[in-house]
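Before any comments, here is the structure.
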Amino acid sequence: MLGNYQKIGGLAALAEALCYIIGFAIFVFLLDIPGNSRPVENLEFLIDNRILIISTMSIIYIFAALILTVLVLALHDRLKTESPIMMQVATAIGLIWAGVVIASGMIFNVGAESVISIYASDPERAATLWLAVGIVQNGLGGGIELLGGVWILIISWTGLKSGIYPKFLNYFGIIIGCAGVLSVAPAWGVFVEIFGLSQIIWFIWLGMVMLRDETVA
């Protein structure tokens with residue numbers, strides 16, 4: 028039973044990476060986001076690409092966060108006997124992270140629909156509201172990666188101490204986790220990008236390891 032749960036967790040890790048890859052690919056190749064533009068221009072870009080943007084945000088925030096909860100619980104089951112207290116902390120943080128990310132995606136989608144409906148009658152007011160939505164959404168779901176960083180850091184440290192997962196995977200996770208923690212400082216925004224891109228590799232690597240884990244079969 029545990030072996031099946033771990034394989035589900037491995038699939039969840041791969042699916043998590045796939046959500047991010049799809050999202051990044053759409054933003055890079057299909058959405059020509061205007062840089063340094065006025066708030067009204069940003070809102071007009073949203074209106075012109077409404078379906079694609081909302082769908083993409085749903086993938087990388089809402090769906091990815093739901094998948095993340097499966098992975099968080101699967102890792103808890105795998106590592107809880109090695110470090111019960113640390114895994115309780117990690118699992119609580121992981122679930123909070125998933126909840127915050129879901130909330131971020133919902134705020135974006137609901138906020139987008141609201142400002143689009145206001146735009147026709149009052150573009151300036153809609154643009155101001157969209158700025159506020161963006162600040163809240165970014166604060167919850169990407170501007171600071173503290174929660175994700177702490178979760179990956181604890182998972183990787185526990186895996187390293189227990190010897191359950193490959194050593195280099197755990198070292199890589201510790202580096203990613205530290206990047207997430209360091210992103211708490213606004214001046215160190217580069218760590219947000221490091222965390223965001225590196226965690227895709229970590230999810231893929233972890234997923235493959237979990238699917239091949241024969242010790243829980």
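For the sequence shown, the working numbering begins at 28 and goes up steadily by one. Positions of the beta carbon are idealized from the N, C-alpha and C atoms, including for glycine.
Query, Result
"Can you give me the C-alpha to C-alpha distance between Met133 and Thr83, rounded to a whole angstrom?", "12 angstroms"
"Would you grab the beta carbon distance between Ser210 and Phe218 for me? Rounded to a whole angstrom, and I think it's under 8 angstroms.", "4 angstroms"
"Whose CA, out of Leu106, Met235 and Asn165, lies closest to the CA of Asn136?", "Asn165"
"What are the start and end residues of each continuous alpha helix (DSSP H) run of 4 or more residues lying completely inside the segment 65-101, in chain order?", "66-75 and 77-84"
"With a 10 Å radius around its C-beta and 16 neighbouring C-beta atoms as the bar for buried, classify Thr108 as buried or exposed.", "exposed"
"Applying the criterion that 16 or more other CB atoms from any shown protein chain within 10 Å of the CB defines a buried residue, is Ala52 buried or exposed?", "exposed"
"Measuring only the C-alpha atoms, how far is Ile201 from Trp184?", "7 angstroms"
"Nearest by alpha-carbon distance to Gly225: which of Leu238, Cys205 and Val236 is it?", "Per the sequence shown, residue 225 should be read as Ser rather than Gly. The option with the nearest alpha carbon to Ser225 is Cys205."
"Apart from the five residues on each side of it in sequence, which residues of its chain come closer than 7 angstroms, Cβ to Cβ, to Tyr192?", "Gly186 and Val236"
"Report the residue from Ile80, Val116 and Arg65 whose alpha carbon sits nearest the alpha carbon of Thr155.", "Arg65"
"CA-CA distance, Trp178 and Leu158?", "30 angstroms"
"Using the beta-carbon count (16 or more within 10 Å), is Gly190 buried or exposed?", "exposed"
"Taking 7 angstroms as the limit between beta carbons, can you name the residues of its chain near Val116, skipping five residues before and five after?", "Ile181"
"Excluding the 5 residues flanking Gln33 on each side, which residues of the same chain have their C-beta closer than 7 angstroms to its C-beta?", "Ala101, Arg105, Met237, Asp240 and Val243"
"So which of Asn197, Ala214, Gly170 and Pro213 has the shortest CA-CA distance to Gly223?", "Gly170"
"Measure how close the beta-carbons of Phe195 and Ala44 come, nearest whole angstrom, since I'm counting them as under 8 angstroms.", "Rounded, the Cβ-Cβ distance is 18 angstroms, inconsistent with contact."
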